[in-house]
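Trainee: According to the working numbering, the sequence shown is numbered sequentially starting from -2.
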Amino acid sequence: MSDLAADINGFISQHYARRGPQPSQHAFTPTPGHYAASLIFSDEATNTIPTPTQSVSMSNASSETYMSSCFDMPTAQTSSAYIESPPASIPYQQALVPSSPLVCEFVRYTGCNVAFGPNDEAGWIEHNVNFHLGDAFPAVCVCWFCDRKFKASSKSRAGTEACYRERMHHIAKHFRKGVTGRQMRPDFFFLDHAHKYGLIDEDTFQREAMQHEVTQLSGLHPAGWRPERRPVQDQIESSRSRHRASQRYYR
């Protein structure tokens, strides 16, 4: 029985040896190296309903080998992809900030606590002009809250008054946006003007001139300060005294 099985195996081996390698019955075109090994086919029959797509994957067979009829046959894979439209954008709503009352410019100089409503801009300006300034308008001034600078086109009364009123209208816009009088920054141009024309006293001027927008560190000296210098003779005597003391210490 074993001899018969050996004869059959030998016959089969000789048969395949005489035939040689045979190509597969399925035509095969090698896949170029610069193309992807996966092809996607999509049914475009309709644009409204999403349809399944088929993906055919093949092995990266070499052009010098034959295609295996067992393992390299195209395999169809079906998958579905649904695209959902993005949600509608919600409009951004900014929170409304209540307007602040219009405070007097001299609230820090003379303690004038007169305040006006946000819509009474004209009355607020007239109070500062008639009750405090009179005809003494500054030629240069800045905003209380930002860095905008206002300079009169001329030093005449009409030019300086127009400049001051423009500044006050600008400041009123800050109050309508919720800025308060506690956030006022010093206007040193206006401070010098008020001191020059006697609108504030000397103590008030000196106090306000020392104001700063940032917290000052303790132990700082004012600008121009210089330490006191002792006479040269005192320094020499002090040095000799320390020298003699050190000699006595090391004896």
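From the three backbone atoms N, C-alpha and C, an ideal C-beta is built for every residue, glycine too.
In this text, all values refer to a predicted model and were calculated from it rather than measured experimentally.
Going by DSSP, what residues sit across from Ala112 in a beta bridge?
Mentor: As a first step, residue 112 is located in the sequence shown; it is residue number 115 there, counting from the start. BP columns for Ala112 point to Val100.
Trainee: Are the stretch 144 to 151 and the stretch 116 to 130 in contact at 8 Å, needing three or more beta carbon pairs?
Mentor: The stretch 144 to 151 is not in contact with the stretch 116 to 130.
Trainee: Step through the CB atoms of chain D and report whether any lies within less than 8 Å of the CB of Glu199.
Mentor: No chain D is part of this structure, which consists of one protein chain only.
Trainee: Does the beta-carbon of His166 have 16 or more other beta-carbons within 10 angstroms, so that it is buried, or is it exposed?
Mentor: Counting from 1 along the sequence shown, the entry for residue 166 is found at position 169. Flag for His166 reads exposed.
Trainee: Check Phe142 in the structure and name its three-state DSSP category.
Mentor: Residue numbering aside, residue 142 sits at position 145 when the sequence shown is read from its first letter. Looking at Phe142 - three-state DSSP - the assignment turns out to be coil, as it is neither helix nor strand.
Trainee: With distances taken between CB atoms, is the gap from Cys160 to His124 smaller than 8 Å?
Mentor: Here the question's residue 160 lines up with position 163 in the sequence shown. Here the question's residue 124 lines up with position 127 in the sequence shown. No; because the gap between Cβ atoms is not below 8 Å, this pair is not in contact.
Trainee: Could you check if His12 is buried or exposed, using at least 16 other CB atoms within 10 Å of its CB as the buried criterion?
Mentor: Sequence index remark: in the sequence shown, residue 12 carries index 15 (1-based). Flag for His12 reads exposed.
Trainee: Going straight from the alpha carbon of Gly221 to that of Val139, what length do you get?
Mentor: Reading the sequence shown from its first residue, position 224 is the one you call residue 221. Reading the sequence shown from its first residue, position 142 is the one you call residue 139. Cα to Cα, Gly221 sits roughly 27 Å from Val139.
Trainee: State buried or exposed for Arg164, treating a residue as buried only when at least 16 other CB atoms are found within 10 Å of its CB.
Mentor: Within the sequence shown, the letter at position 167 stands for residue 164. That one is buried.
Trainee: Kindly list the residues whose CB is nearer than 7 Å to the CB of Asp184, restricted to its own chain and excluding five residues on each side of it in sequence; keep chain order.
Mentor: As a working note, residue 184 is residue 187 in the sequence shown. Closer than 7 Å at the Cβ level, and outside the excluded window around Asp184, lie Cys138, Val139 and Trp141.
Trainee: Express the C-alpha separation of Asp0 and Met55 in angstroms, rounding to a whole number.
Mentor: Along the sequence shown, one-based indexing puts residue 55 at 58. Along the sequence shown, one-based indexing puts residue 0 at 3. Unreliable placement is indicated for Met55, whose pLDDT of 45 sits below 50; no coordinate value is reported for it.
Trainee: Which one of Ala206, Phe187, Arg226 and Val176 has the shortest CA to CA distance from Val94?
Mentor: In the sequence shown, residue 94 corresponds to position 97, counting from 1. With distances taken between Cα atoms, Val94 lies closest to Val176.
Trainee: Classify Ala34: buried if its beta carbon has 16 or more other beta carbons within 10 angstroms, exposed otherwise.
Mentor: Your numbering for residue 34 matches position 37 in the sequence shown. Because Ala34 sits at a pLDDT of 49, beneath the cut-off of 50, its placement in the model cannot be relied upon, and the following sentence gives the value as read from the coordinates. Under this definition Ala34 is an exposed residue.
Trainee: Run through DSSP, which three-state label would Val126 get?
Mentor: Taking the first residue of the sequence shown as position 1, residue 126 is located at position 129. Of the three classes helix, strand and coil, the one that applies to Val126 here is helix, per DSSP.
Trainee: Going along the chain, which residues of its own chain have a beta-carbon closer than 6 Å to the beta-carbon of Arg173, five neighbours each way excluded?
Mentor: For this step, residue 173 is matched to residue 176 along the sequence shown. Answer for Arg173: Ser96 and Pro115, listed in chain order.
Trainee: Please tell me whether Ala136 and Thr107 are closer than 8 Å, where the distance is taken between their beta carbons.
Mentor: Against the sequence shown, residue 136 aligns to sequence position 139. Against the sequence shown, residue 107 aligns to sequence position 110. Contact: no.
Trainee: With DSSP collapsed to three states, give me the class of Lys170.
Mentor: What you label residue 170 is simply residue 173 of the sequence shown in a count that begins at 1. If DSSP states are grouped into helix, strand and coil, Lys170 belongs with the helices.
Trainee: Which class does Lys148 belong to by DSSP, given the choice of helix, strand or coil?
Mentor: In the sequence shown, counting from the first residue as 1, residue 148 sits at position 151. DSSP places Lys148 in strand when its eight states are reduced to three.
Trainee: Any idea if Ile9 is buried or exposed, counting beta-carbon neighbours within 10 angstroms, 16 or more meaning buried?
Mentor: Here residue 9 corresponds to residue number 12 of the sequence shown, with the count starting at 1. Result: exposed.
Trainee: How should Ala14 be labelled, buried or exposed, when 16 other C-beta atoms within 10 angstroms of its C-beta is the threshold for buried?
Mentor: Position 17 of the sequence shown, counting from 1, holds the residue named residue 14. Exposed, because fewer than 16 other Cβ atoms sit within 10 Å of the Cβ of Ala14.
Trainee: Measuring CB to CB, does Ala249 end up less than 8 Å from Leu196?
Mentor: Given a span of -2 to 248 for the chain in the structure shown, any question on residue 249 remains unanswerable.
Trainee: Is there at least one non-hydrogen atom of the ligand MG closer than 7 Å to the beta-carbon of Glu118?
Mentor: As far as ligands go, the structure on display features none, and thus does not contain the ligand MG.
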